[in-house]
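These notes concern the structure reproduced below.
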Ligand SMILES: [Mn+2]
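Residue numbers (the working numbering): 4 to 259.
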């Protein structure tokens, strides 16, 4: 009888720890911006979206070299690259086009370390706005430096209205990751970007455009790593429209 009790206890302990492991929320690195080179800042909307979707956000610290970024990402289940200033065009072999290009060299360095670490570790990546742009550049693509002069159109890609609400449409490729997640081939999105993908990297597959032909989303062209990159700001849209939670939930699920 005592042996039976003991066996039962052992089974109970093992199974409960197995289930606890399965329930563990994924830990997701979130790339912040910087106020100088000593202070990190992150918009709450990014971390809220991860929390609401069942993940635990971890604000990526400033590091001194790629090895430190690799070590940190090695402990994480996913990486989210976020919005911010323009990229230095030197990263895709161009010089600064005009005075509208406002770069942040320190942020470029940190984002490139973390993007490369996330690619080498193969963890799921959700790249938003500037994150979408820098990931394309890290993978060998290029950008429009100043969208209004290099690709003028009737669409203002820097909306002046509340970022929680959409202002332009996008067409989404049937069968793409974004189509599967949102269940639509046409979506209304917000827009707050100065730059955009010009030459897509060979490693990515563009899956959404705005009506004026600007790249608004892409996924990995190679099977194996979960990558979704969007030019719009779902972390703001989700504050007003719960439907957008599906995007973050799909990311968090991929990170499990
Ligand atoms: Mn746009």
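Cβ coordinates follow ideal geometry from the N, Cα and C atoms, glycine included. Being a predicted model, the structure only gives us computed values, none of them experimental.
Check                                                                                                                                                                                       : Outcome
Could you please give me the residues that DSSP links to residue 50 through a beta bridge?                                                                                                  : Note: residue 50 sits in no beta bridge, so no partner.
List the endpoints of the continuous beta strand (DSSP E) containing residue 175.                                                                                                           : 171-175
I need the straight-line Cα distance from residue 127 to residue 115, nearest angstrom please.                                                                                              : 16 Å
In angstroms with no decimal places, state the Cα-to-Cα distance between residue 64 and residue 250.                                                                                        : 25 Å
Among the residues of its own chain, which have a CB less than 6 Å from the CB of residue 121, if the five just before and after it don't count?                                            : 76, 82 and 128
Ligand 1 heavy atoms versus the CB of residue 234: any closer than 7 Å?                                                                                                                     : yes
Whose C-beta lies closer than 6 Å to the C-beta of residue 224 among residues of the same chain, with five residues either side of it excluded?                                             : 206, 207 and 208
For residue 3, verify whether its CB is less than 7 Å away from any heavy atom of ligand 1.                                                                                                 : With the chain covering only 4 through 259, there is no way to say anything about residue 3.
Please work out which residues of its chain come closer than 8 Å, Cβ to Cβ, to residue 54, disregarding the five sequence neighbours upstream and downstream, and give them in chain order. : 60
Which whole runs of the beta strand (DSSP E) in the stretch 52-129 are 3 residues long or more, in chain order?                                                                             : 59-62 and 81-84
Which partner residues does residue 161 have in the DSSP bridge list?                                                                                                                       : 195
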